[in-house]
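Enquirer: Numbering (our numbering), first residue to last: 301 to 632. Sharing a structure, written as structure tokens. Questions coming.
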């Protein structure tokens, strides 16, 4: 309830777009809101949502991780190689830890070398893609036991173990960013780096934290998606980065850093999935879906420009202050 009271006009606008897209397609096409189609939407959300979270966390920290797609590709290939000997859960955990370690290393090097993250992770993108081709011998690798794949995508009403795992990851990261000291430091260095440093926030820790979480999410995207499909290719996840960034921005992550939430990123990813699914059911070609997604991003950005103006925020704060004072006067 308190969160709803604190919601800004742009937050309500994003929720309106989210609900509006769903209701529009549900009314237009009777197949859209069926159990099987919503299950398919959540399967796509699991893939896109983790990628959006990986990118979004680094943007919140005032940085940018371009390597998420290549990292997911390497993680997928490693998952195929590990799962036969380790089993499902140990493989996912191990690959997630490898992604975390790689991300933490990236964050530390970016801090230590004072290199722009955009440049550094561009190099990582290229290097990891080369590594994916090397460890796969430049070909698609296939899992031997496809029963594991069935377990990951088993339908549980509108969910699967894959989508439920993604939702759990969103909850954990969301709570961490909001309530843990290290999570709040990520927002601090993204919203005002010089001010945060002056206040005593160590720059290295939030950067390492942000990139470690990014690496974990990217690795889990690759691992879970690959195990679900039963195969991994060195050119996999090449199309992950742009939709992930789009989902994060639609969900309220600011390119200037310091602003964004896990629920917002989830809403952004689901909004894109609603749009893509609805247009696909209508038989729309790929270029129409891409055009519609880009248009949706522009609409949300324009809404933010209109509704998130400083003078409007000041009026809202003043209105809330007057209400609080009126309640105190009434109570007295």
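Every residue, glycine too, gets a C-beta built ideally from N, C-alpha and C.
Helix, strand or coil: how does DSSP classify residue 442 here?
Expert: Here residue 442 is taken as the residue at index 142 of the chain shown, counted from 1. Correct three-state label for residue 442: strand.
Enquirer: Leaving out five residues before and five after residue 504 in sequence, what residues of the same chain have Cβ atoms less than 6 Å from its Cβ?
Expert: Sequence index remark: in the chain shown, residue 504 carries index 204 (1-based). Hits under 6 Å: 411.
Enquirer: Considering residue 421, what are the terminal residues of the alpha helix (DSSP H) in which it resides?
Expert: Here residue 421 is taken as the residue at index 121 of the chain shown, counted from 1. Residues 417-435.
Enquirer: Looking at the strands, I want to know which residues DSSP matches up with residue 532.
Expert: For the purposes of this step, residue 532 is taken as residue 232 along the chain shown, with counting starting at 1. 441, per the DSSP bridge assignment.
Enquirer: Which same chain residues, not among the five before or five after residue 483, have their C-beta less than 6 Å away from its C-beta?
Expert: What you label residue 483 is simply residue 183 of the chain shown in a count that begins at 1. Excluding positions up to five away in sequence, the list reads 476 and 477.
Enquirer: How would you call residue 599, buried or exposed, if buried means at least 16 neighbouring beta carbons within 10 angstroms?
Expert: Stepping through the chain shown from its first residue, residue 599 is reached at position 299. Label assigned to residue 599: exposed.
Enquirer: Can you name the start and end residues of the alpha helix (DSSP H) that residue 495 belongs to?
Expert: Numbered from its first residue, the chain shown carries residue 495 at position 195. 493-498 is the extent of the alpha helix (DSSP H) around residue 495.
Enquirer: Determine the DSSP secondary structure at residue 605, reduced to helix, strand or coil.
Expert: Within the chain shown, residue 605 is the residue found at index 305, counting from 1. Of the three classes helix, strand and coil, the one that applies to residue 605 here is helix, per DSSP.
Enquirer: Rounded to the nearest angstrom, what separates residue 383 and residue 443 at their Cα positions?
Expert: By 1-based counting over the chain shown, the position of residue 383 is 83. By 1-based counting over the chain shown, the position of residue 443 is 143. Rounded to whole angstroms, residue 383 to residue 443 spans 8 Å at the Cα level.
Enquirer: Contact between the segment 553-560 and the segment 358-370: three or more CB pairs below 8 Å?
Expert: At 8 Å Cβ cutoff, the stretches touch.
Enquirer: First and last residue of the alpha helix (DSSP H) that includes residue 322?
Expert: As a working mapping, residue 322 is identified with position 22 in the chain shown. Segment 309-328, the alpha helix (DSSP H) holding residue 322.
Enquirer: Our contact map puts residue 579 next to residue 565 with C-beta atoms below 8 Å; I'd like the distance itself, whole angstroms only.
Expert: On the chain shown, residue 579 is found 279 positions in, with the first residue counted as 1. On the chain shown, residue 565 is found 265 positions in, with the first residue counted as 1. Their Cβ separation, rounded to whole angstroms, is 22 Å, which puts residue 579 and residue 565 out of contact at 8 Å.
Enquirer: By the 10 Å Cβ neighbour count, where 16 or more other Cβ atoms means buried, how is residue 446 classified, buried or exposed?
Expert: Taking the first residue of the chain shown as 1, we reach residue 446 at position 146. With fewer than 16 Cβ atoms within 10 Å of its Cβ, residue 446 is classed as exposed.
Enquirer: Provide the residue span of the alpha helix (DSSP H) that contains residue 478, from first to last.
Expert: Counting from one through the chain shown, the residue named residue 478 turns up at place 178. Residue 478 -> alpha helix (DSSP H) spans 461-479.
Enquirer: Please say whether residue 372 and residue 351 have beta carbons closer to each other than 9 Å?
Expert: By 1-based counting over the chain shown, the position of residue 351 is 51. By 1-based counting over the chain shown, the position of residue 372 is 72. For residue 351 and residue 372, yes; Cβs fall inside 9 Å.
Enquirer: Using alpha carbons as the reference points, say which of 517, 339 and 527 lies closest to residue 466.
Expert: Your numbering for residue 466 matches position 166 in the chain shown. When only C-alpha atoms are compared, the closest one is 517.
Enquirer: Closest to residue 323 by CA distance: which of 438, 407 and 571 is it?
Expert: In the chain shown, the residue the question calls residue 323 occupies position 23. The option with the nearest alpha carbon to residue 323 is 571.
Enquirer: Can residue 395 and residue 379 be called in contact, C-beta distance under 9 Å?
Expert: In the chain shown, counting from the first residue as 1, residue 395 sits at position 95. In the chain shown, counting from the first residue as 1, residue 379 sits at position 79. Contact: yes.
Enquirer: Taking the DSSP output, what are the residues bridged to residue 456?
Expert: The residue you call residue 456 lines up with position 156 of the chain shown. 459.
Enquirer: When you compare each of 606, 531 and 583 to residue 436 by their alpha carbons, which one comes out closest?
Expert: Looking up residue 436 in the chain shown gives position 136. If we check each option's Cα against that of residue 436, 531 comes out closest.
Enquirer: Below 9 Å between beta carbons: does that hold for residue 660 and residue 470?
Expert: Since the displayed the chain opens at 301 and closes at 632, residue 660 lies outside it and no answer follows.
Enquirer: Mapping the DSSP letters down to three states, classify residue 345 as helix, strand or coil.
Expert: For the purposes of this step, residue 345 is taken as the residue at position 45 of the chain shown. Note: residue 345 maps to helix in three-state DSSP.
Enquirer: Suppose the cutoff is 6 Å on Cβ atoms and the five residues either side in sequence are ignored; what does the same chain contact list for residue 425 look like?
Expert: Position 125 of the chain shown, counted from the start, is the residue given in the question as residue 425. Excluding sequence neighbours, residue 425 sits near 366, 367 and 370.
Enquirer: Can you check which of these residues, 316, 430 and 342, is closest to residue 538 by C-alpha distance?
Expert: Stepping through the chain shown from its first residue, residue 538 is reached at position 238. Per the Cα distances, 430.
Enquirer: What is the DSSP secondary structure of residue 382, reduced to helix, strand or coil?
Expert: Sequence index remark: in the chain shown, residue 382 carries index 82 (1-based). In the structure shown, residue 382 sits in a helix (DSSP, three-state: H, G or I).
Enquirer: By how many angstroms is the C-alpha of residue 534 removed from the C-alpha of residue 440?
Expert: Counting from one through the chain shown, the residue named residue 440 turns up at place 140. Counting from one through the chain shown, the residue named residue 534 turns up at place 234. About 7 Å.
Enquirer: Taking the straight line between their C-alpha atoms, what separation do you get for residue 423 and residue 330?
Expert: Against the chain shown, residue 423 aligns to sequence position 123. Against the chain shown, residue 330 aligns to sequence position 30. Each residue's Cα considered, the two are about 46 Å apart.
Enquirer: Less than 8 Å between the CB atoms is what I'm expecting for residue 318 and residue 573, so what's the real figure, rounded?
Expert: For the purposes of this step, residue 318 is taken as residue 18 along the chain shown, with counting starting at 1. For the purposes of this step, residue 573 is taken as residue 273 along the chain shown, with counting starting at 1. Not really, about 11 Å apart at Cβ, beyond 8 Å.
Enquirer: Taking the alpha carbon of residue 391 as the reference point, which residue from 577, 567, 524 and 498 has its own alpha carbon closest?
Expert: Stepping through the chain shown from its first residue, residue 391 is reached at position 91. Checking every option, the nearest Cα to that of residue 391 belongs to 524.
Enquirer: Rounding to the nearest angstrom, what Cα-Cα distance links residue 659 and residue 419 in this structure?
Expert: It is not possible to answer for residue 659, since the shown part of the chain is limited to 301 through 632.
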